[in-house]
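Residue numbers (our numbering), protein chains in the order written: chain A, 1 to 80; chain B, 1 to 80. C-beta: ideal position from N, C-alpha, C; glycine also.
2 protein chains.
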Amino acid sequence: MKAIIHVGLKPGVLDPQGRAIARSLVDLGFNGVKDARQGKVIELDLTHADKAAAQKDVTNMCEKLLANTVIESYRITIED
Amino acid sequence: MKAIIHVGLKPGVLDPQGRAIARSLVDLGFNGVKDARQGKVIELDLTHADKAAAQKDVTNMCEKLLANTVIESYRITIED
């Protein structure tokens, strides 16, 4: 079983990395870029046989380690 | 128009960040984790009106800045 976790900054939180990307792209001549945001994608290979148990564990993993829940939100997708 | 770019390590490239995540999760007691991989997701707000032109520009952005094409591959999704 596999879990795919998207972690991104919550709306309203300053995204210096995204700003730097947007500015660099414009500096390289890509004028069509208005804004940029960067997040993480974490893929986990799991030994779970049950999707619900996997969903519960991965939620705990996000809350404890994978996301800084003060400034980040996360979205979990479990795949067979 | 919006572009969503997934950037990840090519198969076979060592992923120390992924290894560290997997090890930390097991240390926290999540024994169901066999392996982990971490990539980036970059969202761009674009001024383009034409999808094909946006696709071409974003591909160039990846080749020049957003992905290290020696060790990373990327996937682009253009949304209206």
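Under a three-way DSSP split, which group does residue i fall into?
i, result
"Lys2(B)", "strand"
"Val70(B)", "coil"
"Leu14(A)", "coil"
"Leu28(B)", "coil"
For residue i, list the residues DSSP reports as bridge partners.
i, result
"Val33(B)", "Leu46(A)"
"Gln38(B)", "Ile42(A)"
"Ile76(B)", "Ile5(B)"
In chain B, which residues lie less than 7 Å from residue i when you measure between Cβ atoms?
i, result
"Leu28(A)", "Lys64 and Leu65"
Along chain A, which residues have their Cβ under 9 Å away from the Cβ of residue i?
i, result
"Gln38(B)", "Lys40, Val41, Ile42 and Glu43"
"Thr47(B)", "Asn31, Gly32, Val33 and Lys34"
List the residues of chain B whose Cβ lies closer than 8 Å to the Cβ of residue i, in chain order.
i, result
"Ser24(A)", "Leu65"
"Asp57(A)", "Phe30 and Gly32"
"Ile71(A)", "Per Cβ cutoff of 8 Å: no residues; Ile71(A) is ~16 Å from chain B at best."
Span of the alpha helix (DSSP H) holding residue i?
i, result
"Lys51(A)", "Lys51 to Met61"
Name the chain A residues whose beta carbon is nearer than 8 Å to that of residue i?
i, result
"Ile78(B)", "By Cβ distance, chain A contributes nothing, its closest Cβ being about 12 Å from Ile78(B), past 8 Å."
Kindly indicate if chain D contains any beta-carbon less than 8 Å away from that of residue i.
i, result
"Gly32(A)", "Given the protein chain composition of this structure (A and B), no chain D is represented."
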